[in-house]
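Report on the following structure.
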Amino acid sequence: STQTSSTIPICVLIVCITAIETRRERAGLDGMELIRQGRIAEAAEAFFRQAVARNSTVDYYNAALAHSQAGNRDRALFCLDSVVSRNPVFWDAWTNYGVFFQQENKGPLAIKCYLTAARSPEPNRRALALFNLGALYARGGGLSIARSCYVSALRANPRLAIAVDGLGALYLRTGNHQRARSLFHLSLEIQPNLAEAHFNLASIERARGDWQRASVYLASAVTGVAGGSSSPSFFFAQAYNNLGGALHALGRFEAALGAFSAAAAAVPGWGTPLVNR
6 STQTSSTIPI
16 CVLIVCITAI
26 ETRRERAGLD
36 GMELIRQGRI
46 AEAAEAFFRQ
56 AVARNSTVDY
66 YNAALAHSQA
76 GNRDRALFCL
86 DSVVSRNPVF
96 WDAWTNYGVF
106 FQQENKGPLA
116 IKCYLTAARS
126 PEPNRRALAL
136 FNLGALYARG
146 GGLSIARSCY
156 VSALRANPRL
166 AIAVDGLGAL
176 YLRTGNHQRA
186 RSLFHLSLEI
196 QPNLAEAHFN
206 LASIERARGD
216 WQRASVYLAS
226 AVTGVAGGSS
236 SPSFFFAQAY
246 NNLGGALHAL
256 GRFEAALGAF
266 SAAAAAVPGW
276 GTPLVNR
């Protein structure tokens, strides 16, 4: 029998390439061209050179995001430090600080960063910070606080799909599948390609033993956008692994093998898909 991954009901947003794109005119095109070509490490260096030459807060921020995507933690943190030292109310930087600290299991520091970002006068940025704060509490078992954070995020931005999905995930964790399902569908009405919502709907179908419906949702998850995952590669690895399990249950063994292989490729060294394959 195959091993399937547990539901990932709560994820953490990191503001990344889309934030770079919104600043293209001010940040210059060199780094952006490299981003579009998928040359992330080179883009990070290009943004950094621009930042030093222009003493530009925006370029430092874009360099931080690109270095983060390239896995250069220390360089990313240096660039974030450069951002907030120049502009202490650059709210996106505080959100990403929170993500770094949360990934390092430094919850109290992450909370302080998210609370700082939540002071933003801009509703969407405030909503994103509150979503991240809720995700942090949810991962630690503080479900009532997490719910309050998600509700506050949706007051700031009622169309923040990942916050709707986060609320649904809380209901999923407490066994209220009917309410969870309605919220996951609502999040997909807002953002049809939200990978986490498809993943969570698949989890409900897996619990019901409906492998056909689960496989359809998981196929949508692996081709969707991970709107709130702190580790997209691991999220997609789990989605592919679960898709392999669903396909295996349906007797579609070659397709299952392909899904397990995709899971193993997404996170090399993760044992579960290797065992399943």
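The sequence shown begins at 6 in the numbering used here and counts up one residue at a time.
Built from N, CA and C at the ideal position, the CB exists for glycine as well.
Since this is a predicted model, take the numbers as computed values, not measurements.
The beta carbon of Phe189 sits closer than 7 angstroms to the beta carbons of Asp170, Gly173, Ala202, Asn205 and Leu206 from its chain, once the five residues preceding and following it are set aside; these are given in chain order. Contact between Ala264 and Tyr245 holds, with the beta-carbon distance rounding to 5 angstroms and staying under 8 angstroms. The segment 80 to 143 is shown to contain whole alpha helix (DSSP H) runs of 4 or more residues at 96 to 108 and 112 to 122, in chain order. When only Cα atoms are considered, Val104 and Leu133 end up about 12 angstroms apart. Bridge pairing for Leu199: Val230 [DSSP].
Secondary structure at Asp215: coil, using DSSP grouped into helix, strand and coil.
Secondary structure note for Gln42: it is in no alpha helix (DSSP H), with a DSSP letter that is neither H nor E. Within the same chain, Cβ atoms closer than 8 angstroms to the Cβ of Ser238 are found at Ala271 and Val272, the five residues on either side in sequence being excluded. A distance of 8 angstroms or more separates the beta carbons of Ala68 and Asn101. Measuring C-alpha to C-alpha distances from Asp97 to each of Arg80, Glu109, Arg91 and Ala122 identifies Ala122 as the nearest. Within a 10 Å sphere around the beta-carbon of Asp64 sit 16 or more other beta-carbons, which makes this residue buried. Annotation for Tyr142: Leu148, Ile150, Ala151 and Cys154 place their beta carbon closer than 8 angstroms to its own, counting only its chain and skipping 5 residues before and after. When secondary structure is reduced to three states using DSSP, Arg282 falls in the coil class, being assigned neither helix nor strand. The continuous alpha helix (DSSP H) containing Gly250 extends over residues Pro237 to Ala254.
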